[in-house]
Structures are given as C-alpha cells and as structure tokens.
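Read the structure below first, then the notes.
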Amino acid sequence: NNDQLVWDETMFSIYDVDPARFSGKYSDFIDNVCEEDKLAVSDKVKISIDRDEEFLTRFRICLKNGQVRYIEGRGRPCIDSSGKVYALTGINRDITEQVLYEEEILFSQQQLKAANVDLESFAYAISHDLREPLRTISGFAELLEELSRMGKGSLALRMCDLLRANPETMLALHSDSNS
C-alpha cells in the first residue's frame, strides 16, 4: 500500500529509466508497460497479492525511443505476521531476444509446413502424370506380345519403332522448350 518501488541498476537499464528521474512509485513501472498489456500485468499482481502466491508473467514495455522489449516478470507478496502484505518482491528479465528467436522459429516452421504441402501436391501430380504413360506402355507391350504370338512379327517391329520414336520426339521437344 505504500506504493514504493526499489529498483537496481539492471531494472533501470531494462526500462531505460534515469535513476535521477525515478520517483519509486508503481506508476514508474506500469507507465512503461505497453497499453495492451497493462490490464493483464495489473491483474497478475493483484491476484498474487490477494492469494498470497507467486506470479509469472510476460509482457511488453515501450521505451521512450519507441523500442519494444519483452519482459518476464516474476514475483511474490511478502506477508507480515498478521497476514498483511507489506511488500511485493520480484525480478524482471529482458527476454526480447528469446521472444524474437521464438517468433523466427515459428515463422520458419510455418514456411516449412507450407513447403511440405506444396511438395506433397507436386509429388501427387508427378505420380499421376507418370501413371498414365506407364499404363500406355504396359498396354502397348501387351499388344506387341499378342502380335508376336499371332505371327505378325513385322507389324510388332514397326510398332516398336513407333514406341522408340515417340519418346525421342517428346524429349527433343522438351529440350527445345528449355533452351
């Protein structure tokens, strides 16, 4: 209730606060917390005091230069012999680098998932595209076998020439289109 903060040099450095301009009031802390995180931080502290339990929270602070830092705050209330809270002790740790790495990893994982989906689609298309020519070749081979059994070897040989010529023509066309 006395609304008095005691910071060390690390806290001043994290929050980019000049010790000479530090009033030691709770407002010196909460005014630096990004607007979107203020209510959650205040609620965590209040719940910790009301329940006499430790709190752990992550939040962002906005520095005067516009830079945003990610902070992990941990603390607990100090209770006197009558059960009254007389202080809240804790530490703040700058976890900006860690959070940025986590975001980078998450982004990379999302890109990898998208690439895997694309690869699966490509593999399916290639598999489908390869099946049809293989069916055609298999059918053609059966026809050649039947012609050979029927004693029509010369027709079978002409069909073999066609079988060789078509892929060579396709390969030549493919080579020309990639040039």
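Quick note: the sequence shown, position 24, residue 520 per my numbering, numbers continuous. Cβ atoms here follow ideal geometry from the backbone N, Cα and C, with glycine treated the same way.
Item: S544: which of V613, E531, R645 and V581 sits nearest, CA to CA?; Value: V581
Item: Taking DSSP as the reference, what is the three-state secondary structure of F603?; Value: helix
Item: Name the two residues that bound the continuous alpha helix (DSSP H) containing I587.; Value: Where I587 is concerned, there is no enclosing alpha helix (DSSP H), although the beta strand (DSSP E) it sits in stretches over V581 to D590.
Item: In whole angstroms, what is the alpha-carbon distance linking T632 and L626?; Value: 10 Å
Item: Confirm, please, whether the CB-CB distance from D546 to R565 is below 9 Å.; Value: no
Item: Within 10 angstroms of the Cβ of G649, are there 16 or more other Cβ atoms? Answer buried if so, exposed if not.; Value: exposed
Item: Does P573 pass the burial test, meaning 16 or more other C-beta atoms within 10 Å, or should it be called exposed?; Value: buried
Item: Helix, strand or coil for F551, going by three-state DSSP, please let me know.; Value: strand
Item: For D657 and I622, I'd like the C-alpha separation in whole angstroms.; Value: 27 Å
Item: Roughly how many whole angstroms lie between the Cα atoms of K534 and G569?; Value: 13 Å
Item: Could you say which of G647, A536, Y511 and G579 lies nearest to F525 if we only look at CA atoms?; Value: Y511
Item: Report the three-state DSSP secondary structure of G647 (helix, strand or coil).; Value: coil
Item: By Cβ distance, which residues of its chain are closer than 7 Å to L640, with the 5 residues on each side in sequence left out?; Value: A652, M655 and C656
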